[in-house]
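Quick notes on the structure that follows.
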Amino acid sequence: MRLIPVASLQAGMKLGKKIYNEDGIILLSENAELTDAIIRRLQAHGLDFLYVADPRTDDLVIPEMIEEETRRRALGEIRTNFRKWATPSVKNVTYPYLGKAFSGLIESILDDLSARDDAMIMMMNMNSMDHYLYRHSLNVCVYTLLLGQLHGYTKDELTVLGLGALLHDIGKTKLPLEMLTKPSRLTNEEFELIKQHPDLGFKMLKDEPGIPLLSAHCAYQHHEKMDGSGYPRGIRGSEIHEYARWIAITDAYDAMTTHRVYRKAMLPHLALEVLYTGCGHWYEKSKLELFRERVAIYPIGMTVKLSSGETGVVSRIPGHMPQRPVVRILKDPRGEEIRSPYEVDLSTQLSIVIAEVDGMEMVVGE
């Protein structure tokens with residue numbers, strides 16, 4: 000399989016991985032032939048990249064952070080329960096079963112992550128047409144739990160951290176949908192309203208049976224910055240709980256690498272560069288360094304051009320040096336297809352670097 004921009008799809012190509020709709024139902028199966036109408040529909044739903052079948056790379060193994068069944072079940076639970084929270088109801092109604100349901104999801108995600116040696120943070124937005132808030136909540140949870148495992152938290156600590164990450168944006172369910180899906184930049188007044196979601200989320204979660212108070216504080220603090228320039232309270236440094244400091248990084252990364260109604264997704268290596276512009280004053284340096292060590296900034300299957308002039312696809316990601324993947328060369332420096340593809344391991348060929356990445360023009364900013 001190869002990972003290519005949806006904008007570069009052509010009729011006749013065959014899909015490499017299943018695509019699901021918002022209800023978890025398979026819309027397109029592997030090897031489904033793409034037509035112009037299907038491609039237009041995929042573009043309209045905000046997908047930026049897809050895996051397509053390619054005999055030269057059909058042996059590539061695309062690692063998943065969590066099992067497909069875990070992902071589908073998680074999105075179903077998130078979708079169902081977030082919708083309940085979004086529905087206007089009698090004041091002070093609680094949902095005592097939610098803590099148990101979401102804690103079970105956290106356990107399943109942890110089991111999946113633990114079963115993978117050298118698990119890496121991979122993009123998770125390539126085969127689902129689900130609502131942005133649902134996908135984003137799951138992605139941030141998975142990314143944060145992996146970092147928490149690497150950091151050495153206990154299972155109980157990871158459960159609290161995972162719940163905080165999963166529910167960090169729950170306050171957005173109380174905001175007008177038209178504002179969340181607005182295809183243009185928000186006005187100053189609208190942005191001020193959006194900035195209320197951490198406070199709204201905290202108030203929703205703090206008295207919820209089965210949801211730890213510390214998880215509620217993750218929702219409250221995930222937009223705070225190390226230098227005090229964040230919101231809603233403008234707290235700084237150690238005043239921000241360490242769980243929220245992890246979530247601040249994964250939340251920003253997933254937001255940048257996901258298609259939004261008002262801008263296209265950013266490639267992982269560019270998103271990491273943006274994160275590092277805030278190193279120390281927005282994000283905690285040590286946490287950002289661990290994130291950098293475990294994020295696959297060049298996903299397997301992505302087309303890259305090397306400084307040597309050769310073009311190929313990322314075929315493997317060395318766990319000890321994820322920023323320098325193994326590339327399967329498909330074109331020579333003149334741009335001509337080669338008959339016998341070969342691989343270049345950038346973790347050993349240090350004089351060669353990735354010069355270009357095959358993707359859409361990316362727009363920086365939230």
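For the sequence shown, position 63 matches number 62 in numbering that gives the first Met the number 0, and the numbering has no gaps at all.
C-beta: ideal position from N, C-alpha, C; glycine also.
State the Cα-Cα distance for the pair F190 and L166, rounded to the nearest angstrom.
A straight line joining the alpha-carbon of F190 with that of L166 spans about 20 angstroms.
Opposing strand residues paired with P4 [DSSP bridges]
F48
DSSP bridge partner residues for K330 (one or two, in chain order)
Note: K330 sits in a beta bridge opposite T310, E336.
V315 to M0 span [Cα, whole Å]
In the sequence under discussion, the amino acid at residue 315 is Arg, which differs from the Val named in the question. Cα-Cα distance, rounded: 13 angstroms.
DSSP three-state call for K304: helix, strand or coil?
strand
Tell me, which residues are paired with C366 by DSSP?
Outside the shown range of the chain (0 to 365) lies residue 366, about which nothing can therefore be said.
Run the CB neighbour count on L212, radius 10 Å, all protein chains shown included, and call it buried at 16 or more, exposed below.
exposed
Segments assigned alpha helix (DSSP H), at least 4 residues, entirely inside the segment 59 to 108
67 to 85
Assigned secondary structure, A114 (DSSP; H/G/I helix, E/B strand, else coil):
coil
Strictly by DSSP, which residues pair up with K13?
Per DSSP, the beta bridge partners of K13 are E32.
Name the DSSP beta bridge partners of Y341, please?
DSSP output for Y341 lists I328 as bridge partner(s).
If I'm right that K171 touches L162 with Cβ under 8 angstroms, what's the distance once you round it to whole angstroms?
That belief does not hold up - the Cβ atoms of K171 and L162 are roughly 17 angstroms apart, past 8 angstroms.
K194 versus N30: straight-line alpha-carbon distance, rounded:
43 angstroms
Considering only DSSP beta bridges, list what R315 is partnered with.
V325
Start and end residues, alpha helix (DSSP H) containing E355:
E355 -> not in any alpha helix (DSSP H); beta strand (DSSP E) instead, spanning 353 to 356.
Run the CB neighbour count on R39, radius 10 Å, all protein chains shown included, and call it buried at 16 or more, exposed below.
exposed
Nearest by alpha-carbon distance to I120: which of S346, G318, V325 is it?
G318
I'd like to check one pair, E223 with A247: are the Cβ atoms closer than 9 angstroms?
Less than 9 angstroms divides the Cβ of A247 from the Cβ of E223.
Only counting the same chain, and skipping five residues up and downstream in sequence, which positions put a Cβ closer than 7 angstroms to that of V89?
In this prediction, V89 has a pLDDT of 45, which is less than 50 and means its spatial position is unreliable; what the coordinates show is noted afterwards. Excluding five sequence positions before and after V89, none of the CB atoms of its chain fall closer than 7 angstroms to its own CB.
Identify, in the order they occur along the chain, each residue of the same chain with its Cβ nearer than 7 angstroms to the Cβ of A354, setting aside the five sequence neighbours on each side.
K304, L305, S306
Give the DSSP bridge partners of V294, in chain order.
I120
Confirm, please, whether the CB-CB distance from W84 to H150 is below 9 angstroms.
no
Determine, using beta carbons only, whether L112 and D168 come nearer to each other than 9 angstroms.
No, they are not a contact pair.
So M301 and V312 are supposed to be a Cβ contact under 8 angstroms. How far apart are they, rounded?
That pair is a contact at about 7 angstroms.
By how many angstroms is the C-alpha of D250 removed from the C-alpha of H280?
Computed Cα separation, rounded: 17 angstroms.
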